[in-house]
Amino acid sequence: MKKILVTGAGGFVGVALVRVLERAGSEVHVTVRKTPDKTFTKWSDKVSIHKIDLLDKNQVGSLFKRIRPDVVYHLAAVLPKNGDGTTLTELYGANVLIVQNVLDAVADSSIEAAVFMGSCLEYGPSTESSVESDRCHPESPYGITKLSGTLLAQAAAKNQNLPIIVCRLFTPFGPGSRPGRFVTEVFEKAKTNQPILLPSKLVSRDFIYINDVVRFLVSAPQELSEEKIGNVFNLGSGKSETLLNFTKLVFEEFKASAEINFDTNSTSIQDTGLWQASMEKTTANFSWRPAYTLEEGIQETARLFPQMEG
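Residue numbers for the sequence shown follow this note's numbering, beginning at 108 and rising by one.
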């Protein structure tokens, strides 16, 4: 039985990943900042929950020594929402310092594989699909700190021969999406037939259904090889869709007739340009392929929508 450690397990991706891992019979350990609501996470009692401060290097190291994980998923991060008051210090701590603490613990362990979660915002705005070899030019504090974490992980993997890869995740959606996020708002407005305000008609994102994200995360460590160590791999659908068309598809699924309007004053970095993953490198190195089309993911999310309400 594999021992698996998931940091940031209380987040959208983490909750979904842990459910799959525990059902597969793995010995799952998770770290959380606060004790999760069992009615929301729906984890079984077999999941070992560790409430620790990942900013404390000694706590992280001690946890690794106690658990002795075979596989590590580092998902913990801080992604600010507009107006939530997240400071640069908090972003740096969560997205850079914690990464280094986990890397130090990995270096002192005998793990088989570690997957670190990156972000498409590391690339910065673009007019074409993003390739892993592109020069990154993040413009948001979040993107800058996430890129710093990615570079630290790559350096550790290369210099210390640690079995680490980094996944640059694009826009995941599905049941369990957190309140306050764009995708959740679209489904909430559609279900209640309320008007919605979008940032632009032209902004495009690469939406990937949560089940496809989890399938990649579960399978990637099993296919890790020497030449993949230290590499970044995009995790998206490889297709982009405008926020307007995505919203229209969701509204159509709920038969909502409310207005879709636009906020011309939006200043969010992610509300500009094209965000689309080039998936050539990922599909060349792994057997995984997305199983859900955008429409299928929307239909499944709509069917399970009550589970999105945290």
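Glycine residues also receive a C-beta, built at the ideal position from the N, C-alpha and C atoms.
Legend entry - Proximity to E402 [Cα-Cα], best of R396, A391, D370, E359: Along the sequence shown, read from residue 1 onward, the residue named residue 402 stands at position 295. Nearest option by C-alpha distance: E359.
Legend entry - Endpoints, the alpha helix (DSSP H) within which E359 is located: Translated into the one-based positions of the sequence shown, residue 359 becomes position 252. Run containing E359: 350–360, per the alpha helix (DSSP H) assignment.
Legend entry - Beta-bridge partners of C227, as assigned by DSSP: Position 120 of the sequence shown, counting from 1, holds the residue named residue 227. The bridge partners DSSP lists for C227 come to none.
Inset, instruction - Starting from the C-beta of L331, find all residues in its chain whose C-beta is less than 8 Å away, skip the five residues before and the five after it, and write them out in chain order. - result: As a first step, residue 331 is located in the sequence shown; it is residue number 224 there, counting from the start. Here the set comprises E219, A220, P270, I272.
Inset, instruction - Using only alpha-carbon positions, find the residue among P397, M108, F314, F119 that is nearest to E134. - result: For the purposes of this step, residue 134 is taken as the residue at position 27 of the sequence shown. Nearest option by C-alpha distance: M108.
Legend entry - Completely contained beta strand (DSSP E) runs for the stretch 246–281, where each covers 3 or more residues: Entirely contained in the stretch 246–281, the beta strand (DSSP E) runs reaching 3 residues are, in chain order, 271–276, 278–280.
Legend entry - Contiguous beta strand (DSSP E) assignments of at least 3 residues, all confined to the stretch 165–215: Listed in chain order, they are 178–181.
Inset, instruction - Please list, in chain order, all residues of the same chain as A363 whose beta carbon is under 6 Å from its beta carbon, the five residues on each side excluded. - result: Position 256 of the sequence shown, counted from the start, is the residue given in the question as residue 363. The beta carbon of A363 is closer than 6 Å to those of A297, N300 in its chain, skipping five residues each way along the sequence.
Inset, instruction - Would you identify the three-state DSSP class for T400, choosing helix, strand or coil? - result: On the sequence shown, residue 400 is found 293 positions in, with the first residue counted as 1. It is coil, neither helix nor strand.
Legend entry - V135 (DSSP reduced to helix, strand or coil): As a first step, residue 135 is located in the sequence shown; it is residue number 28 there, counting from the start. Correct three-state label for V135: strand.
Legend entry - Any 3 or more C-beta pairs closer than 8 Å across the stretch 313–321 and the stretch 393–408: For the pair of segments examined, the stretch 313–321 was found to touch the stretch 393–408: the number of CB pairs separated by less than 8 Å reaches three.
Inset, instruction - Go through its chain and collect everything with a Cβ distance to M386's Cβ below 7 Å, but skip five positions before and after it. - result: Along the sequence shown, read from residue 1 onward, the residue named residue 386 stands at position 279. Closer than 7 Å at Cβ, skipping near neighbours: N341, G343, G345.
Inset, instruction - Indicate whether V154 and V178 have their beta-carbon atoms separated by less than 9 Å. - result: In the sequence shown, the residue the question calls residue 154 occupies position 47. In the sequence shown, the residue the question calls residue 178 occupies position 71. In this structure, V178 does not lie closer than 9 Å to V154 by Cβ.
Legend entry - At least 3 beta-carbon pairs within less than 8 Å: the stretch 203–212 vs the stretch 249–268: Short answer: they touch.
Inset, instruction - Return yes when the Cβ of L309 is within less than 9 Å of the Cβ of D370, no when it is not. - result: Residue numbering aside, residue 370 sits at position 263 when the sequence shown is read from its first letter. Residue numbering aside, residue 309 sits at position 202 when the sequence shown is read from its first letter. Cβ distance not < 9 Å, so D370 and L309 don't count as in contact.
Legend entry - Check whether I336 and A264 have beta carbons under 9 Å apart: Numbered from 1 along the sequence shown, position 229 holds the residue referred to as residue 336. Numbered from 1 along the sequence shown, position 157 holds the residue referred to as residue 264. Result yes, Cβ atoms of I336 and A264 sit closer than 9 Å.
Legend entry - Beta-carbon spacing of R275, C227 below 9 Å: Counting from 1 along the sequence shown, the entry for residue 275 is found at position 168. Counting from 1 along the sequence shown, the entry for residue 227 is found at position 120. Result yes, Cβ atoms of R275 and C227 sit closer than 9 Å.
Legend entry - N- and C-terminal bounds of the beta strand (DSSP E) containing T389: Position 282 of the sequence shown, counted from the first residue, corresponds to residue 389. Looking at the DSSP string, T389 is not in any beta strand (DSSP E); the run it does join, the alpha helix (DSSP H), is 387–392.
Inset, instruction - Please go through the same chain and pick out, in chain order, the residues whose beta-carbon is closer than 8 Å to the beta-carbon of P302, but skip the five residues on each side of it. - result: Translated into the one-based positions of the sequence shown, residue 302 becomes position 195. For P302, the CB contacts under 8 Å within the same chain, skipping 5 residues up- and downstream, are K296, A365, E366, I367, N368 in chain order.
Legend entry - Residues that DSSP places opposite L162 in a beta bridge: In the sequence shown, the residue the question calls residue 162 occupies position 55. Answer is none; L162 lacks a bridge partner.
Legend entry - Through-space distance from F171 to K110, alpha-carbon basis: Along the sequence shown, one-based indexing puts residue 110 at 3. Along the sequence shown, one-based indexing puts residue 171 at 64. The straight-line gap from Cα to Cα measures roughly 11 Å.
Inset, instruction - Select from V320, S237, G283, E246 the residue whose C-alpha is nearest the C-alpha of S311. - result: One-based indexing of the sequence shown puts residue 311 at position 204. Measuring from the Cα of S311, the nearest candidate turns out to be S237.
Inset, instruction - Decide if T400 is buried, meaning its Cβ has at least 16 other Cβ atoms within 10 Å, or exposed. - result: On the sequence shown, position 293 is the one that residue 400 refers to. Residue burial annotation: T400 is exposed, with fewer than 16 other C-beta atoms found within 10 angstroms of its C-beta.
Inset, instruction - Name the two residues that bound the continuous beta strand (DSSP E) containing K110. - result: Locating residue 110 in the sequence shown gives position 3, counting from the first residue. Taken as a continuous stretch (DSSP letters only), the beta strand (DSSP E) holding K110 covers 110–114.
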